[in-house]
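Taking my numbering, the leading residue of the sequence shown gets 74, the next gets one more, and so forth.
Down below is the structure, laid out as structure tokens.
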Amino acid sequence: MHEWCTANGYTPYVAVVVDETVQVPLEYVKNGEIVLNVSYDATAGMKLGNEFVEFKARFGGVSREIIVPVNRVIAIYARENGQGMSFPLMASVPAADSRVAPVPASARPVLSAVETANVDKTDDEPPSPTTPPGRPTLTRIK
């Protein structure tokens, strides 16, 4: 899905349920979830593995190391049109010293591809589009 978004000029976003296994800036977590821009323009050192998604990203101008276990990703979609996929939340064993209380699978709705188009974008600073919707263009900067 990440490759499809990138190849078609879309910005891939992932929705993640945050628990003690997820390494993200906790000040950006809302209701136990965080939405991350995982485009190559917004990340550095992206590693998409079978177990973890790892990269560095800037939050408020500060570079942070992000580590997300794949089983905590609940959706990946294109920001521009909401097309994507949702995944069932896999159960995990909470650690004794959890940083954030996990959201039980029974307490949260399952997202569908249609519902991902309406993901709440009430972040303090909404992302600015890198290219307008439609056909991507190349701008040469000297």
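Each residue gets a CB set at the ideal place from its N, CA and C atoms; glycine is no exception.
Where do the ends of the beta strand (DSSP E) carrying Glu93 lie? No beta strand (DSSP E) contains Glu93, which DSSP labels as neither H nor E.
Run the CB neighbour count on Tyr83, radius 10 Å, all protein chains shown included, and call it buried at 16 or more, exposed below. buried
Can you give the beta carbon distance from Phe132 to Pro85, rounded, assuming they're within the 8 Å contact cut? At roughly 18 Å, the Cβ-Cβ gap does not stay under 8 Å, so Phe132 and Pro85 are not in contact.
Using 8 Å as the threshold, is the stretch 88-103 in touch with the stretch 146-155, meaning 3 or more CB pairs across them? yes
Is it true that the stretch 156-163 meets the stretch 98-114, where meeting means three or more beta-carbon pairs spaced less than 8 Å apart? no
Measure the C-alpha to C-alpha separation of Glu127 and His75 and round it to an integer number of angstroms. A straight-line Cα-Cα distance of about 14 Å links Glu127 and His75.
For the beta strand (DSSP E) containing Ala130, list its first residue and its last residue. 125-132
What do you get for Ile139, buried or exposed, if any count of 16 or more other CB atoms within 10 angstroms of its CB means buried? buried
Enclosing alpha helix (DSSP H) for Ala80 [first to last residue]: 75-80
Environment of Leu109 [buried if 16+ CB atoms lie within 10 Å]: Looking at its Cβ environment, which holds 16 or more other Cβ atoms inside 10 Å, Leu109 is buried.
Sheet register partners of Ile147 (DSSP bridge): BP columns for Ile147 are empty, so no partner.
8 Å is my cut-off, CB to CB: does Asn81 come that close to chain C? This model lacks chain C altogether, as it is built from one protein chain only.
What's the call for Val141, buried or exposed, on a 16-neighbour Cβ count within 10 Å? Val141 is buried by the Cβ-count criterion.
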